[in-house]
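Protein chains in written order, with full-length UniProt numbering: chain A, 1 to 452; chain B, 1 to 452. Quick reminder that beta carbons are idealized off the backbone N, C-alpha and C, glycines included. The structure displayed is predicted, hence computed values, not measured ones. For reference, the structure discussed in these notes is given below.
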């Protein structure tokens, strides 16, 4: 109750400033410009169809760097540059997973190795599968039961969470840790059920990491229906699995984040808006995170097009290597510190190009309450929820330096159907939804720039 | 400001009743049941893939009647019946629209006749095209300019409305009236630019109506890119158009709405939840309105499955003929009146199976404020907006009898990309989004049933 009344009072105090009307007019100009003339959708088509997926370290990532540089220039940034960063080079290579039930034939399972996973060096590795459905079941397994076996973590993505990001967080530990958990008890490799909200046979990749000690054994993901079939086989029969994979980490190389800015008219303190330019090596990285990239560029383009006089420097950052290392985000924070740059706000779009519904705010309560006092302005745009307390992965280094950070919160229902899969394509992005996200980001930056 | 404070007070008074906690638990049970075990998505697959589109008067509509009857029985309705209603029979038949620019060849244009439009009786009708971009331009045309010509209403769907239903309402008069407007000034037939939020070449059909006087000339729709091309041709050249169509109204026939209910434990007053069973004769009528049908059945199934003791009778109505006559809705109201049935609330889902965001309320302010006082309960489900003042087309007869009516308000961004087209297919529906809509409907009916 208290919270609601608090918000009402904030509304009042904001209106007392007498600025709501002027801001409301500016909000409308922003949305009209973007919905009528926004370039984000056609730019996303270029990025996804001409370049496609763009894992850090790949040639296509380097193409994406050049593409982003040119788009920021087209959007009339005052300054565009590349920020060098060392990134890990992981490659997939050929891979296959087969199973044999009793004395039957080998069946090929649709699968994807998890990102960062080592492979088998092109050799077959095989063993009987043991299934666990939860961490509790894993904990009960004795090393002698797991030794030389394949561990199948069959933990389902929970449908009952209303926000799918909660289902994702709930299940993510299985993906991240499956290999090390399996190795710890002497297993040969790990299979996980994909972190997927869909009921299909699409495997989802995504980052896994090895603990410092212990052997670096492979981990792979299978789709939901394959996982169900495998579980079914395991009810009555021992199932032998055979993995062959050339995946693996191939050192590091020098690459770039791409940055463009329009200079502040009042001072040089910085507002960041960004997404990550890299994607996984399957699909087209359309929602994750082509959407965030074109939305961020759209913010800059709109400020220039409408001739909004920005007090502070507004900087678009297309981060390198969010998916399997976050090196771009870390490097950006490091350089900002070295250069003594003052950042007053940073927002990332990295939750898909779906209809925006809110902005998650990771900052002190006073600032949160001030932004919440603007709810009335955002409400007609379908943006009403400022409850989240997280911001994009790439912004954590800035957040740790004390910068107020935020993330666009789009509708989450479809994201984990396609996240990190072959299905994350341009066709899954809706023009209006994408551009409304850019609208929200432009509106919040307009407000921050004006009132902070 | 006032509004917000008002809501706060209502929150307070509702909490004072001490029932929020219990209701919140029930809300969670409802959502968990539907998201985990909901049958709506697989039922929609049956309806769209086994039966497909189902225009009133077609054989497939009759199949849909049998299907709905059986699904309501499976959902454990206490009583299921068919409500007879006379419906108009409109059929499309073969149709083609060609244009000739100067002395060039005839080009075939992708098109759809508008629903209810008469055709050409299989003969060619041709004439030069005159384009107008607005009603104002139409008003300026003299009859001698239009005589024997083809009028092309090239009015664009406005992208700048945040809610696409506003863009649709804004453009709908061109579709509904194009034929009569053209006839009034002596034209031969009308072409409209489709009421579409997409930038593609998909023609959108939908109902048109003839004024009582005047000849019943044909009206057809073309997609957005074809409309742009045609407008471009017309800049420099006269363009001849030729229409041939066997569309037309073929009298009336007897058909059915399908109704199922669970009887009230306290009294027999009725709460209606519904959608329309018919669709246009292209695509699969998945969002419009297969979604509303399966969501309504899901409400009944969930009440039974969770053993919620409903005070009032909860009645699912699968209305006949919403698309081109609203005969099912009108007949339902008529029979309700004849039988002296007391209806306390009715809600329709007919705005697509997308993520729910609110409930539009068409009733007196006291009731609206009571429902708004429940906002806190709905908020965690992404349902926050109770501002709309309309309800489904099929509920207007009930509304006119004084019944409080409502409509589910899903996210509107994608609806008019596919509405009334070949593209309105099962694949465009997301399982979680669809089931969350059913969740919202079950939750609001639970509240109404408990507190009214």
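{"Check": "What do you get for residue 296 (chain B), buried or exposed, if any count of 16 or more other CB atoms within 10 angstroms of its CB means buried?", "Outcome": "buried"}
{"Check": "Determine, for residue 443 (chain B), whether the minimum Cβ-Cβ distance to residues of chain A falls below 8 Å.", "Outcome": "no"}
{"Check": "Within the continuous beta strand (DSSP E) that includes residue 81 (chain A), where are the two ends?", "Outcome": "79-91"}
{"Check": "How do the segment 159-175 of chain B and the segment 388-396 of chain A stand: do at least 3 beta-carbon pairs fall below 8 Å, yes or no?", "Outcome": "no"}
{"Check": "Quick check on residue 382 (chain A) - is its C-beta less than 8 Å from some C-beta in chain B?", "Outcome": "yes"}
{"Check": "Considering only DSSP beta bridges, list what residue 106 (chain A) is partnered with.", "Outcome": "A:100"}
{"Check": "Under 8 Å between C-beta atoms, does residue 160 (chain B) make it to chain A?", "Outcome": "yes"}
{"Check": "Quick one: residues in its chain with C-beta nearer than 8 Å to the C-beta of residue 382 (chain A), no 5 flanking neighbours on either side, listed in chain order?", "Outcome": "355, 356, 357 and 436"}
{"Check": "In angstroms, rounded to a whole number, what distance separates the CA positions of residue 463 (chain A) and residue 99 (chain A)?", "Outcome": "Because chain A here runs from 1 to 452, residue 463 (chain A) falls outside it and cannot be looked at."}
{"Check": "Spell out a yes or no on whether the segment 311-322 of chain A and the segment 74-88 of chain A are touching, meaning 3 or more CB-CB pairs, one atom from each, closer than 8 Å.", "Outcome": "yes"}
{"Check": "Using a Cβ-Cβ cutoff of less than 6 Å, which residues in the same chain neighbour residue 165 (chain A) once the five nearest sequence positions on both sides are dropped?", "Outcome": "412"}
{"Check": "Does the segment 227-244 of chain B come close enough to the segment 150-165 of chain B that 3 or more CB-CB pairs lie under 8 Å?", "Outcome": "yes"}
{"Check": "Report the start-end ranges of each beta strand (DSSP E) in the segment 340-386 of chain A that is 3 residues or longer and not cut off at the edges.", "Outcome": "343-348 and 356-362"}
{"Check": "Beta carbons nearer than 8 Å to chain B: which residues of the segment 29-43 of chain A have them?", "Outcome": "31, 32, 35 and 36"}
{"Check": "Just to confirm my understanding: we take residue 439 (chain B), look at its own chain, exclude 5 residues before and 5 after, and list those with CB closer than 8 Å. What are they?", "Outcome": "30, 31, 34, 35, 356 and 381"}
{"Check": "Rounded to a whole number of angstroms, what is the C-alpha to C-alpha distance between residue 303 (chain A) and residue 77 (chain A)?", "Outcome": "10 Å"}
{"Check": "Give the DSSP-derived three-state secondary structure of residue 330 (chain A) in the structure shown.", "Outcome": "helix"}
{"Check": "Rounded to whole angstroms, what's the CA-CA distance from residue 72 (chain B) to residue 54 (chain B)? Just pull it up for me.", "Outcome": "18 Å"}
{"Check": "Nearest-angstrom Cα distance between residue 290 (chain A) and residue 397 (chain A)?", "Outcome": "22 Å"}
{"Check": "Quick check: residue 311 (chain B) and residue 266 (chain B), are their CB atoms within less than 8 Å of each other?", "Outcome": "yes"}
{"Check": "Check this for me: beta carbons of residue 111 (chain A) and residue 220 (chain A), under 8 Å apart or not?", "Outcome": "yes"}
{"Check": "Apply the 10 Å Cβ neighbour rule to residue 285 (chain A) and answer buried if 16 or more other Cβ atoms are within range, or exposed otherwise.", "Outcome": "buried"}
{"Check": "For residue 355 (chain B), go through chain A and note every residue whose CB falls closer than 7 Å to its CB, in chain order.", "Outcome": "411 and 413"}
{"Check": "Going by the DSSP bridge assignment, what does residue 243 (chain A) pair with across the sheet?", "Outcome": "A:97 and A:125"}
{"Check": "Using a Cβ cut-off of 7 Å, pull out every chain B residue sitting near residue 197 (chain A), in sequence order please.", "Outcome": "432"}
{"Check": "Which residues in the same chain as residue 328 (chain B) place their Cβ atom closer than 6 Å to its Cβ, once the five residues preceding and following it in sequence are excluded?", "Outcome": "85, 257, 319, 320 and 321"}
{"Check": "Among A:299, A:276 and A:363, which residue has its Cα nearest to the Cα of residue 540 (chain A)?", "Outcome": "In the structure as shown, chain A begins at 1 and stops at 452. Residue 540 (chain A) is therefore absent and cannot be evaluated."}
{"Check": "Which residue spans inside the segment 136-202 of chain B form an unbroken beta strand (DSSP E) run of at least 3?", "Outcome": "150-153 and 189-193"}
{"Check": "Find out if the Cβ-Cβ distance for the pair residue 48 (chain A), residue 425 (chain A) is shorter than 8 Å.", "Outcome": "yes"}
{"Check": "Verify whether the separation of the beta carbon atoms of residue 345 (chain B) and residue 410 (chain B) is less than 8 Å.", "Outcome": "no"}
{"Check": "With 8 Å set as the bound, which would you pick, yes or no: does the beta-carbon of residue 436 (chain B) sit closer than that to a beta-carbon of chain A?", "Outcome": "yes"}
{"Check": "I think residue 188 (chain B) touches residue 148 (chain B), with their Cβ atoms under 8 Å apart; what is that distance to the nearest whole Å?", "Outcome": "6 Å"}
{"Check": "Suppose you measure from the CA of residue 278 (chain A) to the CA of residue 88 (chain A); what does that come to, to the nearest Å?", "Outcome": "12 Å"}
{"Check": "Between which two residues does the alpha helix (DSSP H) containing residue 294 (chain B) stretch?", "Outcome": "291-306"}
{"Check": "Which value, in whole angstroms, describes the spacing of the CA atoms of residue 449 (chain B) and residue 314 (chain B)?", "Outcome": "8 Å"}
{"Check": "Measure the CB-CB distance between residue 96 (chain B) and residue 244 (chain B) and report whether it falls below 8 Å.", "Outcome": "yes"}
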